[in-house]
Amino acid sequence: MAGLSSLLPDPASERADRWRLVAAVGLGLVLIAGAMREGPVEGPRGLFLVAVAGAAGVVVLLAPLVTTVLLLLASFFRLAVHVGGLPAEPMTLLFAALVAAVGVAALRGTVRLHFGPLEAVMFAYLLWNIVSAMWPHAYPAIVPNTGESIVLYRFILMGTVFPFAAYAVGRAVFRDPSRIRVLVFCVLGFAAYSGLVSILQFTGPRAMVWPRYIVDAPSWPERAVGVFDQPVVNGLVMSIGFVAAVLVAGDRSAAGWQRLCAGLVAPLCLVGVYLTHTRAVWIVFGVGVVVCALVARGQRGVFVATLVSAGAFVVADWATISSADRASGGLGSASEVYDRLNMIRTSLWAIGQEPLFGWGLGRFQQVNTHHHMQWATDVNWMRGYGYSSHENELGIAVELGLIGLALWLVVLGLLAHQVVRAFRRLRDRGVVARTIAVLAVVAPLLWAGTGFTVDLRFNDFVNLLVFLVAGAAVGLSVREPAPQPAGAPT
2 MAGLSSLLPD PASERADRWR LVAAVGLGLV LIAGAMREGP VEGPRGLFLV
52 AVAGAAGVVV LLAPLVTTVL LLLASFFRLA VHVGGLPAEP MTLLFAALVA
102 AVGVAALRGT VRLHFGPLEA VMFAYLLWNI VSAMWPHAYP AIVPNTGESI
152 VLYRFILMGT VFPFAAYAVG RAVFRDPSRI RVLVFCVLGF AAYSGLVSIL
202 QFTGPRAMVW PRYIVDAPSW PERAVGVFDQ PVVNGLVMSI GFVAAVLVAG
252 DRSAAGWQRL CAGLVAPLCL VGVYLTHTRA VWIVFGVGVV VCALVARGQR
302 GVFVATLVSA GAFVVADWAT ISSADRASGG LGSASEVYDR LNMIRTSLWA
352 IGQEPLFGWG LGRFQQVNTH HHMQWATDVN WMRGYGYSSH ENELGIAVEL
402 GLIGLALWLV VLGLLAHQVV RAFRRLRDRG VVARTIAVLA VVAPLLWAGT
452 GFTVDLRFND FVNLLVFLVA GAAVGLSVRE PAPQPAGAPT
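Position in the sequence shown counted from 1, then plus 1, gives you my numbering.
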């Protein structure tokens with residue numbers, strides 16, 4: 002029975018976490034509301050908001066769980082909330098607070114950080130990024146057509162430090178079912194918001210949509226862009242949220258209101274995914290549903306029904322879907338295919354020229370401007386000209402060379418090994434354990450699939466979320482005792 006007791010949350014700890022979470026989120030909402038009302042805040046009012054943030058810091062410093070939730074919230078709304086008068090943006094400040102909170106907890110002995118082969122390779126890859134940023138290269142790290150400097154330290158934070166730290170925090174902090182539930186409901190909350198604003202972007206009432214750029218000036222007017230102003234990332238969040246919603250809705254151990262909320266989130270995400278009108282999103286969503294139909298014990302029927310319904314819809318509406326009319330749901334867009342083909346050709350040439358060390362962190366746009374190449378004579382040379390990388394691994398190889406790419410692939414390989422091992426340990430350990438196990442398999446898979454169409458290093462929120470979910474599953478599985486042989490004493 003000792004093994005079973007490790008699965009049960011400590012009621013006192015759970016209550017303390019809950020009240021810290023309520024207090025800190027309440028203070029965070031005060032800050033967001035103040036920023037929304039006042040805009041960039043300077044002078045005395047700015048100092049007041051900093052003081053409120055300091056009060057929140059007192060709370061979060063002793064609660065890594067709360068700090069992690071606030072960091073996810075700040076990252077989710079990063080484009081929407083701007084607060085002047087601060088030494089850095091809220092997301093960066095909260096990350097510093099998380100590092101401090103985890104450090105304090107480690108000194109107090111309430112969390113134990115792990116450093117193994119995966120963490121060692123993560124550290125090596127981070128160092129390689131730093132070396133590349135500091136090393137002199139043929140081109141400066143600027144946006145070619147504007148001359149704007151690329152802030153390399155922030156690029157490293159979003160693409161490397163944040164996700165790697167999230168994995169470590171997930172493994173160290175989210176190690177019991179009550180905290181896993183907090184993480185899963187964070188996923189549901191973010192996905193629900195993304196689904197709702199995606200629907201309101203096209204159906205109204207548009208006055209209810211915030212942030213306003215979703216309806217006033219979206220970068221892709223025909224697609225559901227969400228708070229990220231980017232349909233691919235928006236679709237990825239909703240795809241992960243759909244999986245979480247189906248799993249929670251089928252969890253008979255969850256409270257009735259929790260299952261009801263999850264049941265409402267699932268269709269929001271399903272409609273939102275459709276409204277992205279983006280091939281990559283539909284493909285990764287389909288992959289996620291297929292994987293869940295194979296591994297999500299207890300909910301396979303729901304995923305199979307979703308897959309069959311989606312397939313029937315695509316077949317019935319194929320004429321519209323295969324057209325280039327995005328406003329009507331068409332996915333046809335030869336120009337986007339040509340963009341990527343030209344960038345692939347340029348990337349392969351660039352790797353051949355600087356195979357080991359690459360052209361330097363943040364230099365892909367420079368290479369794609371000064372050495373842009375054509376995939377074939379029947380592809381317009383201008384397609385993809387001067388763009389940032391639209392393929393994650395090729396972008397890494399161009400900028401960091403084959404050494405950087407090798408380190409990154411080893412990180413992904415070791416992470417996949419840890420996640421698969423965690424899934425095998427957790428799939429028979431109860432509903433909560435099985436839920437995070439399935440999410441830990443599906444979320445990185447969808448995230449990696451999305452990397453075939455975008456450079457993931459620009460997307461701080463999904464990087465944080467995916468690595469946090471993976472770390473949480475690994476942490477819970479490590480805490481679990483190994484299965485006992487039949488008849489063995491307990």
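Don't be surprised by glycine CBs; every beta carbon is placed ideally from N, CA and C. The structure presented is a predicted model; accordingly, all values stated were derived computationally and were not measured.
Candidates the options: closest to residue i by CA position
| i | options | result |
| --- | --- | --- |
| PRO445 | PHE156, LEU72, VAL288 | VAL288 |
| VAL475 | TRP129, GLY117, LEU108 | GLY117 |
| ALA173 | GLY160, GLY104, SER195, VAL233 | GLY104 |
| GLY312 | VAL338, ALA335, ILE284 | ILE284 |
| ARG180 | PHE156, LEU66, PRO356 | LEU66 |
| ARG253 | VAL315, THR436, VAL479, GLY363 | THR436 |
| ALA134 | GLU120, VAL455, ARG364, MET374 | ARG364 |
| ASP456 | SER478, ARG341, TYR214, ASP429 | ARG341 |
| LEU158 | GLU90, VAL84, GLY396 | GLU90 |
| MET92 | VAL162, VAL132, VAL122 | VAL162 |
| ARG346 | ALA377, ILE322, THR321 | ALA377 |
| GLU394 | ASP230, GLY452, LEU119, GLY171 | GLY452 |
| LEU197 | PHE243, VAL185, GLU120 | PHE243 |
| ALA434 | ALA121, ALA218, ARG298 | ARG298 |
| GLY160 | VAL112, ASP177, SER76, LEU184 | SER76 |
| LEU477 | ALA139, ASP177, LEU108, THR68 | ASP177 |
| ALA81 | PRO219, ALA351, VAL249, ARG182 | PRO219 |
| GLU392 | ALA417, VAL274, ALA281 | ALA281 |
| GLU355 | LEU406, VAL338, VAL305, ALA317 | LEU406 |
| VAL292 | ALA64, LEU108, GLY450, VAL132 | GLY450 |
| GLN259 | SER323, SER195, GLY190, SER310 | GLY190 |
Spatial neighbours of residue i in its chain, beta-carbon cut-off 7 Å, leaving aside the 5 residues before and after
| i | result |
| --- | --- |
| CYS187 | VAL70, LEU73 |
| ALA167 | LEU465, PHE468, LEU469, GLY472 |
| VAL296 | VAL439, VAL442 |
| ARG207 | LEU201, VAL216 |
| LEU153 | ALA134, ALA142, LEU362, GLY363 |
| TYR214 | ASP230 |
| SER336 | ARG384 |
Cβ-Cβ separation, residue j to residue i (assumed contact under 8 Å), whole Å
| i | j | result |
| --- | --- | --- |
| ALA225 | LEU276 | 4 Å |
| PRO141 | GLY387 | Between GLY387 and PRO141 the Cβ distance is about 15 Å, and since that is not below 8 Å, they are no contact. |
| VAL399 | GLY353 | Contact doesn't hold; Cβ gap of about 10 Å is too wide. |
| VAL228 | PHE78 | 6 Å |
| ILE404 | LEU357 | 6 Å |
| LEU415 | ASN130 | Not quite, the Cβ-Cβ distance comes to about 18 Å (not below 8 Å), so this is no contact. |
| SER199 | LEU447 | That pair is no contact at about 17 Å. |
| VAL412 | MET123 | 6 Å |
| ASN343 | VAL380 | 6 Å |
| ALA193 | ALA245 | At roughly 10 Å, the Cβ-Cβ gap does not stay under 8 Å, so ALA193 and ALA245 are not in contact. |
| VAL303 | VAL238 | Going by Cβ atoms, the distance from VAL303 to VAL238 rounds to 20 Å, so no, they are not a contact pair. |
| GLN300 | GLY251 | 5 Å |
| GLN419 | LEU119 | 6 Å |
| THR279 | VAL290 | Not a contact, Cβ separation roughly 16 Å. |
| ALA125 | LEU410 | Actually they are not in contact, since the Cβ atoms of ALA125 and LEU410 sit about 12 Å apart, beyond 8 Å. |
Enclosing alpha helix (DSSP H) for residue i [first to last residue]
| i | result |
| --- | --- |
| LEU477 | 461–480 |
| ARG422 | 393–427 |
| SER390 | Premise fails: SER390 is in no alpha helix (DSSP H) and is neither H nor E. |
| PRO91 | 91–109 |
| ASP217 | 214–217 |
| MET239 | 232–250 |
| ASN130 | 118–135 |
| SER195 | 178–204 |
| TRP319 | 319–322 |
| GLU337 | 335–354 |
| ARG65 | Sequence check: residue 65 is Pro here, not Arg. Looking at the DSSP string, the run of the alpha helix (DSSP H) that includes PRO65 is 65–77. |
| VAL272 | 257–276 |
| PHE286 | 280–296 |
| GLY171 | 163–174 |
| ASN381 | Run containing ASN381: none; DSSP gives neither H nor E here. |
Cβ shell of residue i (< 6 Å), same chain only, five flanking positions each side left out
| i | result |
| --- | --- |
| GLY148 | none |
| PRO390 | Checking the sequence, you will find Ser at residue 390 rather than Pro. Once the five neighbours on either side are set aside, the close Cβ partners of SER390 are PHE365, GLY396, ASP456. |
| ASP429 | none |
| LEU5 | The pLDDT assigned to LEU5 is 37, lower than 50, so where the model puts this residue is not dependable; a value taken from the coordinates is nonetheless given after this. Nothing meets the Cβ criterion. |
Cut-off 8 Å between Cβ atoms - residues of its own chain near residue i, not counting five sequence neighbours on either side
| i | result |
| --- | --- |
| THR370 | PRO145, ASN146, TYR386, GLY387 |
| PRO137 | none |
| PHE203 | ALA225, LEU276 |
| ALA294 | ARG301, PHE304, VAL305, LEU308 |
Chain C within 8 Å of residue i, Cβ atoms only
| i | result |
| --- | --- |
| GLY251 | The structure shown contains no chain C, having only a single protein chain. |
task: Determine, using beta-carbon pairs with one atom in the segment 158–178 and one in the segment 93–111, whether at least three such pairs fall under 8 Å.
output: In short, these stretches touch, since the Cβ pair count reaches three.
- request: Flag this pair as touching only if the segment 250–269 and the segment 410–426 have three or more C-beta atom pairs under 8 Å; answer yes or no.
  value: no
query: Would the segment 455–462 and the segment 233–242 be scored as touching if the rule is three or more Cβ pairs under 8 Å?
result: yes
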